[in-house]
Structure formats: C-alpha cells, structure tokens
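Asks: In this note's numbering, the protein residues as written are -9 to 279.
Handing you a structure now.
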C-alpha cells in the first residue's frame, strides 16, 4: 500500500515521495480550463493548500507529476503559465508585520525572475509584478492560499492588529481587478467567507464557489473515493478492529462523513480519515487540532 500523506500539503512531495493521492484532477481540470476568478472557503485541514499546490504544478507544466492521473491525457502540456503563489501561512508576517512580509515575498520573486520592478508602494509593486510576468512569460495564474489568516490570527485580544491587516489586504487585493489583462486565472482559499470581510469589496468579479453543487466534492473524500483509494487500508483496519468491511465503513461514515456544501453530496474530512488509518483507531482528530 502507498504511504499515507499525513500532514503533507505539497502535491510535488506526495507524487515524488510515492504517497497516496486521491485523484481530484478531473475537478481541477474543470476549473483550470476556465479563465475565472475563484474563491473557495473550507474548514481547516480540508486540503485547500494541497489543491493550490496542484494548480501550481499543473500550470507550470510539470507533466511527470501527473502521470497516471485523469488529467494526464486531457491537459495541454505544451502550454504553460507563470504562477504567482502567495501562501500566507509561511510569509512570516507575525515577525515582520504583514506589509513588510508581502514586500519581501514579492521582492524574492522579482529578484528570482530578474524583473525590473522598483515600486515602493506595495500595491504598485504587486501590479507591476503581474504586468512584468504577462509581458515576459504569459498571463499569470494567481494563487492565494489562506487569504484571511493574517486577520483570523489576531481576532480576540489583538483586534486592532486584525483591523490593520484587513486594510492592508484590502489595498493589496484591490490591484487584482484592474490587472485583468495580465491574469489567466485567480484562485483564492480561506476559512472565512469573503462576503463577511470587506477586503474584497473592490474585487466584485470574484466567483464564490464555496456552496456550488458543481464543486461540492472538489475537497474531501467521497464515499466512492474512500472505498476505492483506501481499499487496502480499509481491509486492514476492519481486521484489526474485529469488524467486517461493511461494519467498518458504517462506523467511519458515522464518525467523519458529516460535511456537505450543497445538501446532496457528502464528503469525509480528509485529515481525520488519514489519521484514522494511520493510527488504526477512531478519535476526534480534526477537533483536537
């Protein structure tokens, strides 16, 4: 059996390391072939960062990572797009401050690409970077993971810092709409609904697919995915716990199958399922994190 990717959020690491990957590339393809501006909200530990990482490798043309997956024979591998990836969880804004952390992140990209961008304003630097990408490498795929983390981390006793970060992000994201000629696709993830946070008020062309039936199983494991991809682990788990497989499936469903974003399709919490098979026992894994 392939290794379980517990805690791994990198598509490249999963594929190169021989870890189990639940093939979601049919759903990835549906979004990636459109030139849309998408927003997706899901709870913590639900695979958002892995999804963003998958988009990154796909648009950069890393065909070898997709060998054997559905998308391998459906994607145009001759066409690539530059990717501007902003993972807020690793920006270091708690030490540097949000604005400085964003400046540093953009500066690293500018230096690595050899672009001539010297704007001092964060929003102007962001816009010029998008323009430089488009003029030299093609229209940009903008991937923003955990867009709301610099706000959520300070809710409570540090509300003033949360409000300051909210304004910084509002100014930063306001660049996106006017930069449309430079952009191929935008995909933004978070745990909060952007309609409740004013930072996207200038970005009125953002398509919120959080509750969309069309994308309801994009993240999380469906019943058929659980039974197919985890067949070996399911069999071992049932034997170790003195159950037959039907009993094991019923128990797993009672524990972890309570998520639905369209009222029809239900999915399992991926973090909990992975730890269930890794540890061989039931527990409130997601809650305990």
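Glycine included, every Cβ here is placed at the ideal spot set by N, Cα and C.
What three-state label does DSSP hand residue 16 in the structure shown?
Replies: helix
Asks: What is the C-beta distance between residue 18 and residue 61, in whole angstroms, given that I count them as a contact (C-beta under 8 Å)?
Replies: 6 Å
Asks: Ignoring anything shorter than 4 residues, give me the alpha helix (DSSP H) runs that lie fully in the stretch 2 to 81, in order along the chain.
Replies: 15 to 22 and 38 to 49
Asks: Looking only at its own chain, which residues have a Cβ that is under 8 Å from the Cβ of residue 6, when we skip the five neighbours before and after it?
Replies: So the qualifying residues of the chain are 55.
Asks: Can you tell me whether DSSP reads residue 204 as helix, strand or coil?
Replies: Residue state, collapsed to three classes: helix.
Asks: Comparing C-alpha positions only, which one of 103, 210, 266 and 87 sits nearest to residue 152?
Replies: The option with the nearest alpha carbon to residue 152 is 87.
Asks: Out of curiosity, what's the CA-to-CA distance linking residue 53 and residue 228?
Replies: 37 Å
Asks: In the structure shown, what three-state DSSP assignment does residue 195 receive?
Replies: coil
Asks: Indicate the three-state DSSP secondary structure (helix, strand or coil) for residue 129 in the structure shown.
Replies: Residue state, collapsed to three classes: coil.
Asks: Any idea if residue 95 is buried or exposed, counting beta-carbon neighbours within 10 angstroms, 16 or more meaning buried?
Replies: buried
Asks: State buried or exposed for residue 282, treating a residue as buried only when at least 16 other CB atoms are found within 10 Å of its CB.
Replies: Given a span of -9 to 279 for the chain in the structure shown, any question on residue 282 remains unanswerable.
Asks: Looking at residue 74: is its Cβ nearer than 8 Å to the Cβ of residue 21?
Replies: Here residue 74 is not near residue 21, since their CB atoms are 8 Å or more apart.
Asks: Please classify residue 242 as buried or exposed, where buried requires at least 16 neighbouring CB atoms within 10 angstroms.
Replies: Buried, by the Cβ-count rule.
Asks: Using DSSP's beta-bridge definition, name the partner residues of residue 250.
Replies: 256.
Asks: Taking buried to mean at least 16 other C-beta atoms within 10 Å of its own C-beta, is residue 170 buried or exposed?
Replies: Exposed is the call here.
Asks: Alpha carbons only, please: which of 167, 220, 205 and 111 is nearest the one belonging to residue 41?
Replies: 205
Asks: For residue 138, is the classification buried or exposed, using 16 other Cβ atoms within 10 angstroms of its Cβ as the cut-off for buried?
Replies: buried
Asks: From residue 71 to residue 272, what distance separates their C-alpha atoms?
Replies: 43 Å
Asks: Whole angstroms are fine: how far does the CA of residue 114 sit from the CA of residue 140?
Replies: 21 Å
Asks: If you draw a straight line from the C-alpha of residue 154 to the C-alpha of residue 175, how long is it?
Replies: 28 Å
Asks: Just to confirm my understanding: we take residue 265, look at its own chain, exclude 5 residues before and 5 after, and list those with CB closer than 7 Å. What are they?
Replies: -4 and 275
Asks: Hey, how far is the Cα of residue 196 from the Cα of residue 92?
Replies: 22 Å
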